[in-house]
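Peer 1:
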Amino acid sequence: MGILVDRETKVAVQGITGKEGSYHTRLMLQYGTNIVAGCSPGKGGQEVHGVPVYDTLEEGVRHEKAEASLVMVPPRFAPDALYEAAEAGIKLIVCITEGIPLLDTMFAFQRIKARYPDTKIIGPNSPGLIAPGKTLLGIMPGNIFKGGKVGIISRSGTLTYQIAYELSHAGIGQSTVVGVGGDPLIGMRFIDLMKLFNQDPETQALCIIGEIGGRDEEEAADYLGTDFNKPLVAYVAGQTAPPGRKMGHAGAIASAGEGTAESKSTALKKAGAVAVETSYQVVEALLDVFK
Amino acid sequence: MGILVDRETKVAVQGITGKEGSYHTRLMLQYGTNIVAGCSPGKGGQEVHGVPVYDTLEEGVRHEKAEASLVMVPPRFAPDALYEAAEAGIKLIVCITEGIPLLDTMFAFQRIKARYPDTKIIGPNSPGLIAPGKTLLGIMPGNIFKGGKVGIISRSGTLTYQIAYELSHAGIGQSTVVGVGGDPLIGMRFIDLMKLFNQDPETQALCIIGEIGGRDEEEAADYLGTDFNKPLVAYVAGQTAPPGRKMGHAGAIASAGEGTAESKSTALKKAGAVAVETSYQVVEALLDVFK
Amino acid sequence: MKTLEHEGKSIFSRYGLLIPRGKVVDNSLEGKKVAEEFGGEVMVKAQVHTGGRGKEGGIKKASTPQEALQWTKEILGRKIRGYTVNKVYIEERVNIEEEYYLAFILDRSSGLPLFIISSKGGIDIEKVAREEPERVRRLKVNPLWGIHPYQVRREALEARIPSSHLTPIVSAAMKLYEVFIGEDALLAEINPALLTSEGRLVCGDSKVELDDNAFYRHQELHNSLESYQEEDPLERRARKEGLSFVKLKGNIGVIGNGAGLVMSTLDSISREGGSPANFLDIGGGASADKMEAAIDIVLANPRVNSLFINIFGGITRCDEAARGIIAAIKNLSPQFMPVVRLGGTNEEEGWRILEDSGVEIKVCKSMKEAVIKAIEYKKEA
Amino acid sequence: MKTLEHEGKSIFSRYGLLIPRGKVVDNSLEGKKVAEEFGGEVMVKAQVHTGGRGKEGGIKKASTPQEALQWTKEILGRKIRGYTVNKVYIEERVNIEEEYYLAFILDRSSGLPLFIISSKGGIDIEKVAREEPERVRRLKVNPLWGIHPYQVRREALEARIPSSHLTPIVSAAMKLYEVFIGEDALLAEINPALLTSEGRLVCGDSKVELDDNAFYRHQELHNSLESYQEEDPLERRARKEGLSFVKLKGNIGVIGNGAGLVMSTLDSISREGGSPANFLDIGGGASADKMEAAIDIVLANPRVNSLFINIFGGITRCDEAARGIIAAIKNLSPQFMPVVRLGGTNEEEGWRILEDSGVEIKVCKSMKEAVIKAIEYKKEA
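Protein chains in written order, with my numbering: chain C, 801 to 1091; chain D, 801 to 1091; chain L, 2 to 382; chain F, 2 to 382.
#1: Among 941/C, 917/C, 964/C, which has the Cα closest to the Cα of residue 889/C?
#2: Rounded to the nearest angstrom, what separates residue 860/C and residue 853/C at their Cα positions?
#3: Please classify residue 85/F as buried or exposed, where buried requires at least 16 neighbouring CB atoms within 10 angstroms.
#4: Rounded to whole angstroms, what is the Cα-Cα separation between residue 881/D and residue 364/L?
#5: Is any beta-carbon of chain F found at less than 8 Å from that of residue 1040/C?
#6: Along chain C, which residues have their Cβ under 8 Å away from the Cβ of residue 16/F?
#7: Within the region 145-231 of chain L, note down every full alpha helix (DSSP H) run reaching 4 residues or more, in order along the chain.
#8: Indicate whether residue 44/F and residue 92/F have their beta-carbon atoms separated by less than 8 Å.
#9: Would you say residue 1090/C and residue 972/C are within 8 Å of each other, going by their C-beta atoms?
#10: Residue 214/F: which of 994/C, 834/C, 902/C sits nearest, CA to CA?
#11: Mind checking whether residue 73/L and residue 89/L have CB atoms under 8 Å apart?
#12: Could you give the distance in angstroms between the alpha-carbon of residue 196/L and the alpha-carbon of residue 165/L?
#13: Provide the residue(s) that pair with residue 24/F in DSSP beta bridges, ordered along the chain.
#14: Below 9 Å on C-beta distance, what does residue 855/D contact in chain F?
#15: Apart from the five residues on each side of it in sequence, which residues of its chain come closer than 7 Å, Cβ to Cβ, to residue 320/F?
#16: Quick one: what's residue 1076/C bridged to in DSSP?
#17: If contacts are defined as beta-carbon pairs under 8 Å, then residue 257/L and residue 1009/D qualify, I think. What distance do you get, rounded to the angstrom?
#18: Could you tell me which uninterrupted beta strand (DSSP E) segments, each at least 3 residues in length, are contained entirely in the region 968-1050 of chain C, listed from first to last along the chain?
#19: Taking just the CA atoms, how far does residue 336/F sit from residue 81/F?
#20: Quick one: residues in its chain with C-beta nearer than 7 Å to the C-beta of residue 162/F, no 5 flanking neighbours on either side, listed in chain order?
#21: Kindly identify the DSSP beta-bridge partner or partners of residue 106/L.
#22: Compare the C-alpha of residue 304/F against each of 270/F, 252/F, 248/F, 178/F and name the closest.
#23: Any residues in the region 305-316 of chain L with a beta carbon nearer than 7 Å to a beta carbon of chain D? Which ones, in chain order?
#24: Determine, using beta carbons only, whether residue 964/C and residue 945/C come nearer to each other than 8 Å.
#25: Using a Cβ-Cβ cutoff of less than 6 Å, which residues in the same chain neighbour residue 193/L once the five nearest sequence positions on both sides are dropped?
#26: What residues match up with residue 869/D in a beta bridge as DSSP calls it?
#27: Between which two residues does the beta strand (DSSP E) holding residue 929/C run?
#28: Leaving aside the five residues before and after residue 956/D along the sequence, list all residues of the same chain whose C-beta is less than 8 Å from its C-beta, in chain order.
#29: Quick one: which residues of the region 901-923 of chain D get their C-beta closer than 7 Å to a C-beta of chain L? List them in chain order.
#30: Closest Cβ-Cβ distance between residue 941/C and chain F: below 8 Å?
#31: So which of 995/C, 898/C, 942/C, 1044/C has the shortest CA-CA distance to residue 986/C?
#32: Write down the C-beta distance between residue 209/F and residue 189/F rounded to the nearest angstrom, noting that I regard them as a contact closer than 8 Å.
#33: Verify the CB distance criterion: does residue 1073/C have a CB-CB separation below 8 Å to chain F?
#34: Using a Cβ-Cβ cut-off of 6 Å (strictly less than) and excluding sequence neighbours within five positions of residue 338/L, which residues of its own chain qualify?
#35: Could you list which residues in chain L have their beta carbon closer than 7 Å to that of residue 1078/D, in chain order?
#36: Please name the residue in 802/C, 870/C, 1045/C whose C-alpha comes closest to that of residue 925/C.
The structure is reproduced here in structure tokens:
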């Protein structure tokens, strides 16, 4: 199995009747994801691509035993979806929604942590995660991934696809690929996922795709220096980004003097990672690892 | 020792430089209470009746090892005093203050319960508690109490003094007397204290002084019918109170059909208590118990 | 402190809850004018601090401005459950499809806000709970978690509200919680919560109880409320003096220190065959000034023909209390002999002071004796 | 979104924080008039979206209305760190006893509001933290517990603020937290927080950053803010088109889908010796309309002499993306040959469509090749 999810993982889609929700439900079903339920208030009793829809997620969990959920609702309804999922007993919540007010995220994380400490959240503003050939929870294009032995943790969407595509072409498959989300406040962070990859027998090397802003890469470097025991290749995007400017999404912003691509790369290098300077060097570095 | 407190209990007074705080600190010291510290922002370094004053309670706990605290500050500062005491590590907070907005009390209780589940709170709007001959935490007139074997739990102030006075005169001393507070939302309730009295070897009988409003007496009756194994005499004041009217303090109000003195007395009687109809029958009933 | 319907609705409206257009009037001509403004079809509603207005003829439908005038005239000045109607609320009518119930109340037992929702509104919620319990749901709200739409949806569906009505119901419930927390309410109730044929949720009535202790946070609002003006004048005066006073139906005036002690005094009077005229707690201290105000208020009740002062001396000693009582009685010289019972700290000195004062007082040592004397000593009516 | 000083102060004031009287003016005569109104002694402060105004001559003391006129005249129109001063804030002076620092900031690492307090204000807090760390305290606020006066007192005392100043400091910090939560702020800073000789705490400056994602909750406020008018005109246009655009200093115009991909494109260009003119993320979909707007914005920058479009086809397939690119380029007919790199789903069909289109495009298959071509293909300036 991949980390966190496998072929059997029973998935619910929150906001399944929406345009995005319904579209990606179809793509995920095609990929083989075991979507057992959807929810959408006022739409209970309908079906979306054969998936039963409930008014509340709690019914989806009760009747269909959903274990993981995908949040695909507009930003102002997303916090409610997180609370609902946590209370319904969902153990892995993948929040795709972009644009949630940060204090909403902050309160939701704190409340869920206090009351349901075992609930894991990926995102918000995450493309989801994929265990290639097994299951896909998110909006990633499944066809470009290939099963294999490299784990990927990334703060980016398209860049991850780009790198995974190149890896697949070069014959390097992926065990699990996780997009942690592009927001400044996210649930599972690099370090949380590194711990899972560290214990995952399928994963023989890890690739981290970082960005300017925050301290996730620095934390990863700290962890790498202590307990992590697999080869790690890292690329941190944004070496040319001017400080103080938001690059595309909310989380990608470096404050003066800290959270720059350079400082992050340096920290990772010092801790023993192969830190490369362009995305296309990731493949070379991983080929080196497996030589 | 009494329940909750004994001669050695180290007490801090929050609001010690206020008029009430300073006055009752003197009375408590005279009674023998081991007051080790007081706090009052901006007054750190002073002394009140020989008790060192700190700017923050945390310093009082750190330097003087205070274990219990008395809250004697005006209503709008009282929630802060509760939070401060809980975070400082105080295990028993006795809140004398009357007139705290109920939602402030509600939030304080919920937050403290979530973060410091072992912290006990008595009150708000409590006259405090006394272990006669040992220690006094509160504004009760110490001289009318007498050490002995009857525990008293009461929602009232003066009425408790009246009954304790009559008991003392009749030769029936008290182990510990606790005023739970006259507010609709209180910390320790009848049932919580009954559990402590149940285990207290010094207490051979219990006297409950109830009032209209709420469900504390009914809860006490439920507990009495199951686990409580000492004689219990109860008086519930307010048999003539018109429903829907607040009698003196915020907690004493019976809603239509529930929380009346009659329904409470009946519940207690059914559970095996001796429920009397006037305060002066309490002494007779307890004399009967010890006959 | 309880609000009138229109006051509660104006609070609701500030939080974004929908209310019908409405205006308060105190004469029938104005009632007509407002009805005209609203297009003729209006509700005419007595504004009084009591429930059950409908049954007592305090709520009427008018189909024309002239009818509104007539109903306003008929309702104004009327007595509803002891409350005189001084103001009437003229409100536009809405197209009602369903009547629901929504409320938050501070629950004493759990110490939490309790959310109550029912698919049957417009009548007493306790009655619905008894007769159709499956249509009422209660949810204890953990305030650290908050209340969120999914909880309202779940409870609404469980209470058998159709899922097509969820959106306006959820929105209203969330706003009502904001009212509850934001205004320091002990109760915030919408009953009926009207689902209109346009699919909006409109507050048909309001019931709000505010926490007097939180007055300082909402001074502007509290001062604007009409309620204080409508209490019993003696109760109003007592409140101003800082005394806790409740008028009862009997003839024995009672003053004591401490709510429990006063309540137990009333209990004892009833048990011994008497009938108390009031509850009056002077609180701690028992100074001569407070005692004087207390006696004055108690005696201002024309039914009172006996006076019983019951003081327990704790920290305030009985000798101090005795001096206060004597000073007060000297100043007021009541027409009948007060019964005074003093007990507690320094009681013997207190008794001596009372007895040596030269003032006509019946001094009693035990409560039981005092109660019996107070019943005997009533002035012949 | 960051506010100007006077905008932040007006927010503070709504929450009960004290601010000096002040007025915004855009001409020197008005500056004089306001100074007269305030009694002559005023501060004249440039309103620009950048720090360090003082050092750049953007903040001046005036002792007479005439001086205020002069300073206003001198400051208006000036450029401060790239920002033109269009407005000046005239503010009354207060009697300063101490300058403190208070702020709440959303801390990414802990995911919590961070309270920062210092006994040294008026200068950059990071500098104080480096040089006198004992005078700065940081407290992570658990939002479920809240922040309470005792915490502020404790941190203030630890930061060496004298206990006689606690009351106004505590009150201001509590209100600042309300601003932070109530306005969806990412940063709410008072620096300096002026303790006046009258013992009040007055906000000497304001620094507020609001969360754009929470716009819908604060529409009135956000619409009233001046900040949007002052961005680069191209950035403003991009925002309106829903594109994420940041102007840089080079000459190669870059368009891509996905923030990470575009950032990595910029990284590659720099590494291969080129210099990017901008960051532009068109997001998902890559429709012809969006592509056209993107190219138009990139080419509107006169420094641009090369265009690099880098698209990874995921769910949106490369063939769709290719058709969009061709339509956009046909409409705009740029003066130099665009380098297009397509990769991912259906890439071969995408390449074929581009090559068969008849439009002048250099099609590249790998990113590295594309980057090198984009550097080579720049139009001779």
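Just so you know, even glycine gets a beta-carbon here, dropped at the ideal spot from N, CA and C. Every value quoted in this text rests on a predicted model; they were computed, and no experiment measured them.
Peer 2: For this structure:
#1: 917/C
#2: 8 Å
#3: exposed
#4: 44 Å
#5: yes
#6: Going along chain C, no residue has its Cβ under 8 Å from residue 16/F, so there is no contact; the nearest lies around 16 Å.
#7: 150-159, 167-183, 220-225
#8: yes
#9: yes
#10: 902/C
#11: yes
#12: 11 Å
#13: 91/F
#14: 154, 155, 158, 164, 167
#15: 347, 350, 351, 354
#16: 1035/C
#17: So it is not a contact: roughly 15 Å between Cβ atoms.
#18: 974-979, 1005-1011, 1032-1037
#19: 36 Å
#20: 101, 120, 170
#21: 115/L, 188/L
#22: 252/F
#23: 313, 315, 316
#24: yes
#25: 100, 122, 123, 205
#26: 812/D, 893/D
#27: 928-931
#28: 979, 982, 1009, 1011, 1037
#29: 901, 902, 903, 906, 907, 909, 910, 911, 914
#30: yes
#31: 898/C
#32: 5 Å
#33: no
#34: 361, 363, 378
#35: 265, 268, 269, 272
#36: 870/C
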